[in-house]
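Protein chains in written order, with the working numbering: chain A, 548 to 682; chain B, 548 to 682.
Virtual Cβ for every residue (Gly too), placed ideally from N, Cα, C.
Number of protein chains: 2
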Amino acid sequence: MYIIIIGSGRLGRMLSEELTDAGHNVSVVDRDSKRLEALGTGFNGLSVKGIEYDNAVLKEAGIKHADYVLSVTSDDNLNITVSLAAKEIFKVPRVIARVNEPQKKSVYELLGIEMINPTELISYIIKGKVEGSQR
Amino acid sequence: MYIIIIGSGRLGRMLSEELTDAGHNVSVVDRDSKRLEALGTGFNGLSVKGIEYDNAVLKEAGIKHADYVLSVTSDDNLNITVSLAAKEIFKVPRVIARVNEPQKKSVYELLGIEMINPTELISYIIKGKVEGSQR
Numbered sequence: 548m549y550i551i552i553i554g555s556g557r558l559g560r561m562l563s564e565e566l567t568d569a570g571h572n573v574s575v576v577d578r579d580s581k582r583l584e585a586l587g588t589g590f591n592g593l594s595v596k597g598i599e600y601d602n603a604v605l606k607e608a609g610i611k612h613a614d615y616v617l618s619v620t621s622d623d624n625l626n627i628t629v630s631l632a633a634k635e636i637f638k639v640p641r642v643i644a645r646v647n648e649p650q651k652k653s654v655y656e657l658l659g660i661e662m663i664n665p666t667e668l669i670s671y672i673i674k675g676k677v678e679g680s681q682r
Numbered sequence: 548m549y550i551i552i553i554g555s556g557r558l559g560r561m562l563s564e565e566l567t568d569a570g571h572n573v574s575v576v577d578r579d580s581k582r583l584e585a586l587g588t589g590f591n592g593l594s595v596k597g598i599e600y601d602n603a604v605l606k607e608a609g610i611k612h613a614d615y616v617l618s619v620t621s622d623d624n625l626n627i628t629v630s631l632a633a634k635e636i637f638k639v640p641r642v643i644a645r646v647n648e649p650q651k652k653s654v655y656e657l658l659g660i661e662m663i664n665p666t667e668l669i670s671y672i673i674k675g676k677v678e679g680s681q682r
């Protein structure tokens, strides 16, 4: 599959590595060249420096033939904007966005954006560990 | 159970809510009073303002009778220091620490600190979604 990852922070970088290793074609978009450089020499996909919600930048990243857009920056507004562009303008079949502030969840829901909420998931996992140890 | 949460950021706050709701006694430690205030009125546990690795602060949070310490700040060195104090000085039965920088994982491992690595877990979950959609 052709997968565009928005955001070359910790999560974006790990995802780019995992998905490349799994044989997918990956491009990573970030406005910060230092974060892109941190992708490391092991990354053999495309890295695109530019404003993440800019249509020209998204086109350069190959959004017209993308199967997936994963918007995983630490900025909810940015994730929402890119996800809507991917869905509404470029008709990308699958889009997933990261929720940072749990209170923003309702905005993603209202806009019909599929989301992943790390804080909620990790909290759930830790709670499971704590309660599991009690039995 | 008596559970001490170190760090009143997003994850610490969500955990404090979830674990309080589940009937546990929770105290939360953070040096930043604004982050502690963000616990909100729903939180009926103990909140302690102070340097998180300070033994006096940890005692005030009730570490001597804690069943669990969850160190979930965004600072790996802090999580490591508190976890070691909890384990070695105060003999807390169970300690879990959050890993922020995936490269720091080996340090936690070397020191025998049980860890939760959000970046790795969330990356794994997203990869599962992406690959699941392919079938």
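Please confirm if residue i has its CB atom under 7 Å from at least one CB of chain B.
i, result
"V677 (chain A)", "yes"
"K674 (chain A)", "yes"
"I553 (chain A)", "no"
"S670 (chain A)", "yes"
"S680 (chain A)", "yes"
Do we get a CB-CB distance below 7 Å when we pair residue i with the residues of chain A?
i, result
"I663 (chain B)", "yes"
"T567 (chain B)", "no"
"S695 (chain B)", "A question about residue 695 (chain B) goes unanswered here, because the residues of chain B that appear run from 548 up to 682."
Check the Cβ of residue i against every Cβ in chain D and list those closer than 8 Å, keeping chain order.
i, result
"T666 (chain A)", "This model lacks chain D altogether, as its protein chains are A and B."
Could you pull the start and end residues of the alpha helix (DSSP H) that residue i belongs to?
i, result
"Y600 (chain A)", "Careful: Y600 (chain A) lies outside any alpha helix (DSSP H) and carries neither H nor E."
"L586 (chain B)", "No alpha helix (DSSP H) holds L586 (chain B); DSSP gives it neither H nor E."
"S680 (chain B)", "Unbroken run through S680 (chain B): none, as it is neither H nor E."
"E656 (chain B)", "K652 to L657"
Considering residue i, what are the terminal residues of the beta strand (DSSP E) in which it resides?
i, result
"R641 (chain A)", "R641 to R645"
"M561 (chain B)", "Note, M561 (chain B): premise wrong, no beta strand (DSSP E); alpha helix (DSSP H) at R557 to D568."
"L617 (chain A)", "Y615 to S618"
"D623 (chain B)", "Element bounds for D623 (chain B): not the beta strand (DSSP E) but the alpha helix (DSSP H), D623 to L631."
"E661 (chain B)", "E661 to I663"
"D577 (chain B)", "N572 to D577"
"E636 (chain A)", "The displayed chain sequence assigns Ile, not Glu, to residue 636 (chain A). Segment: none, I636 (chain A) is in no beta strand (DSSP E) and carries neither H nor E."
"I610 (chain B)", "Run containing I610 (chain B): none; DSSP gives neither H nor E here."
Please report the distance separating the alpha-carbon of residue i from that of residue j.
i, j, result
"G587 (chain A)", "V639 (chain A)", "27 Å"
"V604 (chain A)", "I551 (chain A)", "11 Å"
"R582 (chain A)", "N591 (chain A)", "15 Å"
"D558 (chain B)", "S670 (chain A)", "Note on identity: in this sequence residue 558 (chain B) is Leu, with Asp being the wrong assignment. The alpha-carbon atoms of L558 (chain B) and S670 (chain A) are separated by roughly 6 Å."
"L625 (chain A)", "Y600 (chain A)", "7 Å"
"Y615 (chain B)", "T666 (chain B)", "23 Å"
"V575 (chain B)", "Q681 (chain B)", "43 Å"
"K606 (chain A)", "I663 (chain B)", "37 Å"
"V573 (chain B)", "E584 (chain B)", "15 Å"
"I672 (chain A)", "A644 (chain B)", "13 Å"
"I627 (chain A)", "A608 (chain B)", "39 Å"
"A632 (chain B)", "G675 (chain B)", "37 Å"
"V642 (chain A)", "S621 (chain A)", "16 Å"
"D579 (chain B)", "R560 (chain B)", "13 Å"
"L593 (chain A)", "Y549 (chain A)", "11 Å"
"K611 (chain B)", "L562 (chain A)", "40 Å"
Taking its Cβ as the centre, do 16 or more other Cβ atoms sit within 10 Å of residue i, making it buried, or is it exposed?
i, result
"G589 (chain A)", "exposed"
"K634 (chain A)", "buried"
"H571 (chain A)", "buried"
"D623 (chain B)", "buried"
"I493 (chain B)", "Summary: the structure shown does not reach residue 493 (chain B), with chain B confined to residues 548 through 682, and so no result is reported for it."
"S653 (chain B)", "exposed"
"L566 (chain A)", "buried"
"L617 (chain B)", "buried"
"D577 (chain A)", "buried"
"I598 (chain A)", "exposed"
"N647 (chain A)", "buried"
"A569 (chain A)", "exposed"
"I553 (chain A)", "buried"
Taking a cut of 8 Å between CB atoms, which residues from the region 610 to 623 of chain A lie near chain B?
Y615, L617 and V619
Between the region 632 to 646 of chain B and chain A, which residues of the former have a C-beta closer than 9 Å to a C-beta of the latter?
P640, R641, I643 and R645
At a Cβ cut of 9 Å, what residues of the region 583 to 607 of chain A count as close to chain B, listed as they run along the chain?
none
Going along the region 649 to 662 of chain A in order, which residues come within less than 9 Å of chain B, judged by CB to CB distance?
P649 and E661
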